[in-house]
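Residues in the sequence shown are numbered consecutively from 79, following the numbering used here.
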Amino acid sequence: MAAAAAEEEVAAPSSSRGRLSKLLQEFGWDLMLGSIAAFYAFMVPYTKVEESFNVQAIHDILYHHHHIEKYDHLDFPGVVPRTFIGAFLVSIIASPVVAVIHYLHVPKIYSLLAVRLALGFIVLLTLRLFRLQVKRKFGYHVEAFFAIMTALQFHLLFYSTRPLPNILAFCLVNLAYSFWFKGDSSATLKCLTVATVVFRCDTVLLFGPIGIELLLSKSVSLLEAIKCCVITALLCIGISVLVDSIMWQRILWPELEVFWFNSVLNRSSEWGTHPLHWYFTSALPRSMLVGYPLCMIGMVLDRRIRRYVLPVFLFILFYSKLPHKELRFILGSIPILNASASIAASRVYNNRKKKIWSWIYVIMLGSFIVSVGCSIVTFMASYNNYPGGYALKALHQADASTKEKLVHIDAFTAMNGVSRFSENEYPWRRRNSHRTFCNRNFTYLLNEHHSINGYKCLFAINGFSGLRFRRHFPPLALLKEPKVFVHGT
């Protein structure tokens with residue numbers, strides 16, 4: 079009896095270690111990527127103007143519920159309307175945690191963190207599904223390098239928790255990629271159709287090349303493709319028109335208006351333009367780092383990946399024709415390019431003991447280290463790029479009195495870190511206005527100007543202004559300057 083008991087005691091820890099090992103083997107890469115994404119969200123909790131619609135919409139859904147007259151978009155509709163469907167989906171997932179936060183009277187900024195983590199969970203879940211298909215098609219080592227490559231790159235995981243329309247579409251693009259690798263052409267087309275019709279009409283630029291590849295490879299017939307896409311599109315348009323007409327209080331299909339504004343009127347160029355080659359010479363090198371040259375090598379080493387990479391390169395080429403360019407517009411291309419890069423990295427790793435390959439392996443490891451350094455620098459720049467959010471937080475901490483306070487926030491401050499999640503409850507009241515703030519009895523002003531008549535500058539919040547190369551270590555210095563000024567009476 080004693081011997082049996084002793085054997086059970088020895089077996090119990092061994093069994094626990096076995097379960098832990100199996101768990102890490104199954105979800106280890108997800109835990110790594112999720113931890114990095116969560117770290118970015120906690121360290122940089124504030125949001126920019128690009129995210130403002132979905133951030134405010136999620137806030138209003140969670141806090142105002144069916145009282146649509148209180149929703150932010152009715153006062154500040156933005157340049158073009160956006161769909162509420164993504165905001166509803168994220169709100170449903172985050173609502174249990176937000177309810178607890180609200181009940182405990184915890185500051186609302188933690189609700190924003192809950193929302194961002196919920197979105198990050200969705201993004202990483204879809205990325206996991208794609209990664210598993212990469213493993214099935216190309217092997218374990220390629221999957222491992224895919225996860226490592228993603229972890230090294232700052233932008234994808236940083237954006238993964240940010241409620242941009244691009245990120246909502248990105249989830250569906252990841253699903254489309256996983257079905258594409260799996261050989262399910264119908265599901266691939268359905269995912270791309272939903273992404274195009276509901277969240278980002280410019281996904282059609284990716285939809286086209288992938289659709290042509292499916293037709294040329296005879297993975298789907300033209301009739302089947304048309305039938306699948308038309309039925310899915312009509313269903314999605316119906317849902318979008320129903321939901322968004324109620325929320326916007328007028329009949330509309332948001333992505334049609336976005337398409338008209340950006341593509342037909344070409345008004346997006348008012349927000350700045352870049353040269354034709356910018357995505358290939360600036361955006362992709364910055365976002366992919368060591369993965370960018372490796373993805374080219376991967377195409378040469380393994381012909382199987384070419385059928386997937388070429389349509390994605392066409393997507394980027396088509397997008398390059400539009401004058402207004404931003405990295406987030408082509409973020410959906412990175413998983414496929416990372417898959418190609420991972421093939422190259424895996425080939426180098428598997429041949430590392432051979433003489434010539436050993437030198438290539440050392441160079442690759444050195445490039446990984448450089449990529450980590452670049453991601454750290456980019457993170458530090460982003461950390462200091464939300465002066466509006468930090469200014470409002472500092473003001474809340476500076477004035478703890480119970481007297482009612484009315485705060486005016488100018489456009490620059492609102493665009494750089496301030497949202498409804500960052501405002502405190504009574505006695506604080508906030509006004510966003512592009513109109514004059516004179517003679518309105520504001521207690522405080524958050525403004526980009528350092529001097530305002532009738533008010534005294536109390537303090538300033540620094541923000542990122544650039545990088546400077548130095549001859550000593552560290553070779554890069556982060557430059558900061560006052561960005562937001564807090565004025566009081």
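Beta carbons: idealized from backbone N, C-alpha and C, even for Gly. Since the structure is predicted, the reported quantities are computational estimates derived from the model, not experimental observations.
(1) Just to confirm, is the Cβ distance from LEU197 to VAL168 under 7 Å?
(2) Between the Cα of GLY541 and those of GLU221, TYR370, PRO505, PHE490, spot the shortest distance and give me the residue it belongs to.
(3) Answer yes if the region 385–392 comes into contact with the region 344–354, meaning at least three C-beta pairs across the two stretches below 8 Å, and no otherwise.
(4) Where does LYS305 fall in DSSP's three states?
(5) How close, in whole Å, do the beta carbons of SER420 and PHE224 come, if the pair is a contact with beta carbons under 8 Å?
(6) So the candidates are VAL212, LEU246, ILE434, PRO413; which of them puts its Cα closest to the Cα of GLU129?
(7) Quick one: give me the first and last residue of the beta strand (DSSP E) that GLY532 is part of.
(8) Do you know offhand how far SER295's Cα is from ARG385's?
(9) So, with DSSP's three-state summary, where would you put ASN540?
(10) Enumerate, from N- to C-terminal direction, the unbroken beta strand (DSSP E) stretches of 3 or more residues contained entirely within the region 403–487.
(11) Quick one: using the 10 Å Cβ neighbour count with 16 as the cut-off for buried, is ASP153 buried or exposed?
(12) Who are the near neighbours of CYS535 in its chain, counting only those whose CB is closer than 8 Å to its CB and skipping five residues on each side?
(13) Could you check whether the region 303–318 touches the region 135–145, counting it as contact only if at least three pairs of C-beta atoms, one from each stretch, sit closer than 8 Å?
(14) Do TRP331 and VAL319 have their CB atoms nearer than 7 Å?
(15) Taking C-beta to C-beta, are ILE394 and TYR357 nearer than 7 Å?
(16) Counting only runs that start and end within the region 358–399, where is the beta strand (DSSP E) found for 3 or more residues in a row?
(17) Locate the beta strand (DSSP E) running through GLU559, then write down its first and last residues.
(18) For THR274, which residues in the same chain have their Cβ closer than 7 Å to its Cβ, ignoring the five residues on either side in sequence?
(19) In whole angstroms, what separates the C-alpha of GLU559 from that of ILE329?
(20) So, with DSSP's three-state summary, where would you put TRP331?
(21) Go ahead and pull the three-state DSSP assignment for LYS186.
(22) ALA115: which of ALA254, SER460, PHE199 sits nearest, CA to CA?
(23) Among the candidates LYS483, ARG549, SER497, PHE551, whose CA atom is the shortest distance from the CA of ASN519?
(24) Within the region 220–295, note down every full alpha helix (DSSP H) run reaching 4 residues or more, in order along the chain.
Reading it off the structure:
(1) The beta carbons of LEU197 and VAL168 sit closer together than 7 Å.
(2) PHE490
(3) Judged by Cβ distances under 8 Å, the region 344–354 makes no contact with the region 385–392, as fewer than three pairs qualify.
(4) Of the three classes helix, strand and coil, the one that applies to LYS305 here is helix, per DSSP.
(5) 4 Å
(6) Minimum Cα distance to GLU129 is reached at LEU246.
(7) Per DSSP, GLY532 belongs to no beta strand (DSSP E) and is neither H nor E.
(8) Straight-line Cα distance between these residues: approximately 9 Å.
(9) Assigned with DSSP and collapsed to three states, ASN540 falls in strand.
(10) 483–487
(11) exposed
(12) Taken in chain order, the residues that qualify are HIS528, SER529, PHE563, VAL564, HIS565.
(13) Of all C-beta pairs linking the region 303–318 to the region 135–145, fewer than three are shorter than 8 Å, placing the two stretches out of contact.
(14) yes
(15) yes
(16) none
(17) 554–566
(18) THR281, VAL282, PHE285
(19) 45 Å
(20) coil
(21) Correct three-state label for LYS186: coil.
(22) Nearest option by C-alpha distance: PHE199.
(23) Among LYS483, ARG549, SER497, PHE551, the Cα nearest to that of ASN519 is on LYS483.
(24) 232–237, 243–260, 263–272, 282–294
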